[in-house]
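Participant:
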Amino acid sequence: MVFNVPFRAVIFDMDGVLFDSEWYYYHELAVFSDAFDLGVTEEERRHMVGNSSQNFFATIQAWWQRAGHGQIDAGRVRKVYYDWAATRSMDYRELLNPGVPQALDALEAHGVRCALASSSPLESINQALDECGLRRSFETIVSGEQFRESKPNPEIYLHTLGALGLDAQECCCVEDSLYGIEAGCRAGLTVIAKREDRFGFSQAEADVIIDQIPDVLNIGERLER
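In my numbering, the protein residues as written are -11 to 213.
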């Protein structure tokens, strides 16, 4: 493959892009719902794909009350969820998408800077990157929990651009979900979507759709088509 990346930096989402974790979380949410008798529907689980942690826990609060369990405050709902999640096994190395380390190394070798802007909590981001030895690949790492609103609000991307000292026209982002694609578009970035057909949402607002992360290395040719 001929290297063709017409950008000074690539900003990556994490869940669903670097890792096939959205599919994992989608199924785990059904297990969580059954464990606490929340009655979460398949459509409701689809709606959570790519959502911020803020919205995720606010939605669980609403489900909790809907199920007749009474009121639950923000701190308590997080503790309930994380205590439950601690009993479940998750290995980011198994969820790492094919070709991710090689693509990141190739971008670095060609002088293209890499950043990560994820709606996930910083603790989860650090765990994923450390388990897979990827932290050194990103000069800037930004979590949606740093902001009052994460994706689809573009603030996370605008902040990342500021940290890089670059304009939107000099960068692209790699996303998968509706929320992420919208955030990238609103920030003025060229948006690359990693193909995702399992949840039934459209990625049509992205500038280009790729099948695997190494396809980023020839994204210039794809954008010219």
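For glycine and all other residues, C-beta sits at the position ideal for the given N, C-alpha and C.
#1: Using three-state DSSP, classify phenylalanine 135 as helix, strand or coil.
#2: So, with DSSP's three-state summary, where would you put threonine 75?
#3: Spell out the partners DSSP gives arginine 101 in its beta bridges.
#4: Determine the DSSP secondary structure at cysteine 120, reduced to helix, strand or coil.
#5: Go through its chain and collect everything with a Cβ distance to glycine 87's Cβ below 8 Å, but skip five positions before and after it.
#6: I'd like to confirm the pairing. Which residues does DSSP put opposite threonine 128 in its beta bridges?
#7: Could you check whether glycine 172 and cysteine 161 sit closer than 8 Å to each other, using their CB atoms as the reference points?
#8: Can you say whether serine 138 is buried or exposed, counting buried as having 16 or more other CB atoms within 10 angstroms of its CB?
#9: Hey, would you say lysine 182 sits closer than 8 Å to aspartate 164, going by beta carbons?
#10: Let me make sure I understand the geometry here. Which of Tyr145, Arg76, Leu95, Glu209 has the alpha-carbon closest to that of aspartate 1?
#11: Using DSSP with H/G/I as helix, E/B as strand and the rest coil, what is alanine 181?
#12: Is aspartate 93 helix, strand or coil when you go by DSSP?
#13: So, is valine 100 buried or exposed, given that buried needs 16 or more other C-beta atoms within 10 angstroms?
#14: Hey, could you find the ends of the alpha helix (DSSP H) isoleucine 201 is sitting in?
#15: I'd like the span of the beta strand (DSSP E) that includes glutamate 232, first residue to last.
#16: Using DSSP with H/G/I as helix, E/B as strand and the rest coil, what is alanine 169?
#17: Using the beta-carbon count (16 or more within 10 Å), is threonine 29 buried or exposed?
#18: Using three-state DSSP, classify glycine 113 as helix, strand or coil.
#19: According to the Cβ coordinates, are valine 5 and phenylalanine 187 closer than 8 Å?
#20: How many Å lie between alanine -3 and asparagine 43 at the Cα?
Facilitator: Working from what's here:
#1: Phenylalanine 135: coil per DSSP, three-state reduction.
#2: DSSP places threonine 75 in coil when its eight states are reduced to three.
#3: Beta-bridge pairing links arginine 101 to Ala(-3).
#4: Note: cysteine 120 maps to coil in three-state DSSP.
#5: Excluding sequence neighbours, glycine 87 sits near Gln200, Ile201, Pro202.
#6: Ala103.
#7: Yes, the Cβ-Cβ distance between cysteine 161 and glycine 172 is below 8 Å.
#8: Serine 138 comes out buried.
#9: At the C-beta level, lysine 182 and aspartate 164 come within 8 Å of one another.
#10: Checking every option, the nearest Cα to that of aspartate 1 belongs to Tyr145.
#11: In this structure, alanine 181 counts as strand in the three-state DSSP scheme.
#12: Helix, per DSSP.
#13: Buried, since its Cβ has 16 or more Cβ neighbours within 10 Å.
#14: DSSP places isoleucine 201 outside any alpha helix (DSSP H), giving it a letter other than H or E.
#15: No answer is possible for residue 232: the residues shown for the chain start at -11 and end at 213.
#16: The sequence shown places isoleucine at residue 169, rather than the alanine named in the question. The DSSP-derived three-state label of isoleucine 169 is helix.
#17: Threonine 29 is classed as exposed because its beta carbon has fewer than 16 other beta carbons within 10 Å across all chains shown.
#18: Correcting the residue identity first, residue 113 is isoleucine in this sequence and not glycine. Helix.
#19: The beta carbons of valine 5 and phenylalanine 187 sit no closer together than 8 Å.
#20: When rounded, the distance between both Cα atoms is 29 Å.
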